[in-house]
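Working notes, structure below.
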Amino acid sequence: MDLNRSFLTLSTAAALAATAALAGPATAAPADVPAYAPADTAQIHPGVQMYTEGAQCTANFVYTDGSGATYVGYAAHCAGTGEATDTNGCDAASLPLGTRVSFVEGGSLATEGTTVGQGTLAYSSWLTMQQRGETDENACAYNDLALVEVDAGDVAKVNPSVPFWGGPVAVNTTGTAAGDTVYSYGSSSLRAGVEALSPKVGTSLGVEGEGWSHPVYTVTPGVPGDSGSAFLDAEGNALGTLSTLALAPLAGSNGVGDLSHELSYAQQHGPLAGLRLVPGTEPFSPVL
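Just so you know, the sequence shown maps onto residues 9 to 296 in the working numbering.
So, in structure tokens, the structure goes:
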């Protein structure tokens with residue numbers, strides 16, 4: 009089920025125990041990455057709300073390319089125009105590249121929120137797969153990444169660190185095993201602006217789709233509006249992006265698209281040469 013087009017009542021659960029000691033400092037950004045804002049004052053960052061023609065999602069990570077442009081990622085289905093059940097990226101309808109996207113702070117069902125920046129849809133895995141005539145069933149089912157180029161005048165508001173957790177350190181290229189701890193940060197407008205519900209700790213159930221996706225359970229679970237948000241592994245590496253809410257066979261679990269697969273696809277077939285993840289400026293700290 010598409011998280012951005014459906015509703016789920018928030019559940020309560022016991023807090024998970026604090027995890028291992030703090031990780032080391034984040035990897036320094038490459039020299040050609042623009043100068044970004046400090047993490048504590050940045051207005052555009054992983055976890056910020058993103059609105060596309062009224063549909064609200066959550067940013068995952070910050071990216072750059074050979075041109076020095078800055079991109080913020082979310083789920084490709086956040087620009088979808090079909091029904092909640094239209095989750096096959098090889099045939100689902102989408103808004104075109106060039107669509108305008110707003111970055112918003114403090115949006116909720118009761119409050120409109122403050123627009124802090126603008127961007128343009130620059131890459132969609134759905135549109136790319138359709139243009140290529142993709143036939144890989146796993147890619148069609150799980151490749152759910154879009155990138156929004158931040159307007160030049162708003163780049164100075166950006167920081168690549170994930171709020172609360174810090175990182176990402178790098179891209180996870182090894183996947184997860186059942187029982188591995190994962191971390192996320194959601195910004196659904198359904199949470200009525202209660203930031204204490206944004207950081208989430210969970211457990212991976214392994215992989216599916218030949219490595220394209222990771223089913224996970226988190227406290228609290230991802231809900232509509234969290235779509236696209238970042239997932240980190242136990243070392244602070246960028247694991248994936250929140251894509252789906254499962255009602256069966258694992259009710260309450262979420263599907264996390266594997267970022268290594270999604271980013272590799274974008275690098276090979278997308279229009280952005282030199283595309284890569286920007287590491288966070290803040291060290292990863294896995295303590296809830």
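Even glycine gets a Cβ: it sits at the ideal position worked out from N, Cα and C.
Roughly how many angstroms lie between the CA atoms of Ser293 and Ala185, to the nearest whole one? So the alpha carbons of these two residues sit roughly 21 Å apart.
At the level of alpha carbons, what is the spacing between Val80 and Glu218? Val80 and Glu218 have their C-alpha atoms spaced approximately 26 Å apart.
Of the residues Cys86, Thr60, Ala87, which one's Cα is nearest the Cα of Gly125? Among Cys86, Thr60, Ala87, the Cα nearest to that of Gly125 belongs to Thr60.
Length at least 3, wholly inside the stretch 177-231: the beta strand (DSSP E) runs in chain order: At a cut-off of 3 residues, the continuous stretches assigned as beta strand (DSSP E) that sit fully inside the stretch 177-231 are 189-193, 207-212, 221-227.
Are the beta-carbon atoms of Gly244 and Gly174 separated by less than 8 Å? Cβ distance < 8 Å, so Gly244 and Gly174 count as in contact.
Mapping DSSP to helix, strand and coil, what is Ile52? Reduced to three states, the DSSP call for Ile52 is strand.
Helix, strand or coil: which one does DSSP assign to Glu290? Glu290 falls in the coil class under three-state DSSP.
CA nearest to the CA of Tyr150, picked from Met137, Val158, Phe172: The residue from Met137, Val158, Phe172 with its alpha-carbon nearest to that of Tyr150 is Met137.
What's the gap between the Cα of Thr6 and the Cα of Phe239? Lying before the first or after the last residue shown, residue 6 is absent from the chain, which here runs from 9 to 296.
Which residue or residues does DSSP assign as beta-bridge partners of Asp266? Answer is Gly248.
Examine the Cβ distances between the stretch 74-88 and the stretch 275-286 and report whether three or more of them are shorter than 8 Å. With the rule of 3 Cβ pairs closer than 8 Å, the stretch 74-88 counts as touching the stretch 275-286.
What does a CB cutoff of less than 7 Å around Gly115 pick up in its chain, not counting 5 residues either side in sequence? Once the five neighbours on either side are set aside, the close Cβ partners of Gly115 are Gln57, Gln64, Gly121, Ser197.
Where Tyr273 falls: helix, strand or coil (DSSP): Helix, per DSSP.
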